[in-house]
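See the structure below:
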C-alpha cells in the first residue's frame, strides 16, 4: 500500500474526528461558553452545512487547481479552523471555526477519491478508496471517544488542539509522499450539478438520505447530555459509551453493505430504517436506566450508519438510469444530502430540547426516520415500473 494513501487516511481520520467529536463535548462547551444546549447543537448543524455547501460548490470552483496543492491547502485550512476553535474567544468565533473546517471537509472528500485511485493500479482503485474512507470509521471508533476523553479531562479546547496536531501530521505526510503530478478530470460545473437536481427520482433518494440521517441526528446530537442528565452517567464515562457506539457502527457498516448486496438497496433500506426508528423510540423508555441505555446505544450504532452503503448504491443506480453522464455528480450530491440531514437534524433537535425536553428527541427522531421508510417503500414501488441496473458498484460511505 502506498504510504501516500496512509497520509490520506490520516487526513480522513482527523476530519472525521473533528466532525463527530463535538457530540461528546456539547455539555462541556455549553457550560464553558455560557450558551444553551440547543445553541451548542448549532455547532453540529453549521459544520454539516459547510460540508454540504463546500463539497459541490467549492469542488467545482477549484476544478483547475492541481490536486496536490489543493489537497495541501485544504489541510492548512482544516488545521487553521481547528486552531481557531482551540483559541475561540466566544461562541460566535467557534461557529466561524466550525464552518471553515466544514468547507475543508466537503472539498477533501470530493477530491480524495480521485487522488487515492491515482496512487494505485486500476484494478485496486476500489480498495484504495475503501482504505481512505476507513479513516472515518476509525474516527468514530477511536477518535471521537478519545477526543471526548481529552475534552472532559483537560478542557474541550485541548481536543481541537489535538486534532490540529493530526492535521499538521497529515499535511506533512501529504507534502512528502503524495506525488506532484496527479491527473484529474475537471469536476462537474454548477450547471451540470443543477441538471441532476431536475430528476424527480434522484430527488426522492436525496430526500430518503436527508430525512433518514436527519432523524437519527435529532437524538444523536444530544446523546452526551441524554447520557449524563437522564441515564445518570458521569461525564468521564460518556467517552466509553461513545467507544461502544463507535465499535457498533463499524460492525453495522459491514452488515449494512452485505444486506444491500443480498436484498438489494431498497430491501436493505426498509429493514434498516425500520430498525433505526424502533431503536430511537425504544431509547425514550430505556434512557432512564444506565444499563438499558447502554444496550440501546449499542443497538443504535449497529443501524445508525448501516444505511449508507444502500443509499449510495441506490443513488448511483438511479443516476445510471436517469442521468448516465452525471453519475459522479449524483453520488457527490448524495453526500451533500447526508450532511443536510445532519444539519437539519441537529437544528431540529435543538428546538425539541428547548421546547419539549431532551428525551423527546429520541421518539421524534424515530418518527422522522419512519418518514424515510415510507419514501423508501414509495421509491421501491416506482422501481417496479422502471427496473434499475444491477451492475456491481463499489461505494464508500460518507
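Residue numbers (the working numbering): 145 to 542. C-beta atoms are modelled at their ideal positions from N, C-alpha and C, and glycine is treated no differently.
Query raised in the report: What's the C-alpha gap between residue 284 and residue 166?
Result: 12 Å
Query - Reference residue 514, options 474, 527 and 358, closest by Cα - result: 358
Query raised in the report: Taking DSSP as the reference, what is the three-state secondary structure of residue 297?
Result: helix
Query raised in the report: Taking the continuous alpha helix (DSSP H) assigned at residue 503, which residues delimit it?
Result: Unbroken run through residue 503: none, as it is neither H nor E.
**Report entry** Same chain only: Cβ atoms within 6 Å of residue 348, ignoring 5 sequence neighbours per side
**Finding:** These residues qualify, in order along the chain: 523.
Query raised in the report: Alpha carbon to alpha carbon, what distance is there between residue 316 and residue 195?
Result: Rounded to whole angstroms, residue 195 and residue 316 show a C-alpha spacing of 24 Å.
Query - 7 Å CB neighbourhood of residue 324 in its chain, flanking five on each side removed - result: 212
Query raised in the report: When burial is assigned at 16 or more other CB atoms within 10 Å of the CB, is residue 444 buried or exposed?
Result: buried
Report task. Could you tell me the distance, in whole angstroms, from the CA atom of residue 546 to the CA atom of residue 309? Result -> Here the chain has residues from 145 to 542 only, and residue 546 is not among them.
Query - Check whether residue 362 and residue 503 have beta carbons under 8 Å apart - result: no
Query raised in the report: Just to confirm, are residue 157 and residue 287 a CB contact at a threshold of 8 Å?
Result: Residue 157 places its beta carbon less than 8 Å from that of residue 287.
Query raised in the report: Is the beta carbon of residue 339 within less than 7 Å of some heavy atom of the ligand FAD?
Result: Because no ligand of any kind appears in the structure shown, any question about the ligand FAD cannot be addressed here.
Query raised in the report: Taking the alpha helix (DSSP H) that residue 156 falls in, what are its first and last residues?
Result: Its alpha helix (DSSP H) spans residues 147-177.
Report task. Pull up the distance between the alpha-carbon of residue 433 and that of residue 262, whole angstroms please. Result -> 50 Å
**Report entry** Straight-line gap, residue 405 to residue 210 (C-alpha atoms, nearest Å)
**Finding:** 36 Å
Query raised in the report: Short check: CB of residue 164 to CB of residue 218, under 8 Å?
Result: no
Requested in this report: Can you say whether residue 180 is buried or exposed, counting buried as having 16 or more other CB atoms within 10 angstroms of its CB?
Outcome: Label assigned to residue 180: exposed.
**Report entry** Start and end residues, alpha helix (DSSP H) containing residue 195
**Finding:** 181-197 is the span of the alpha helix (DSSP H), which, as asked, contains residue 195.
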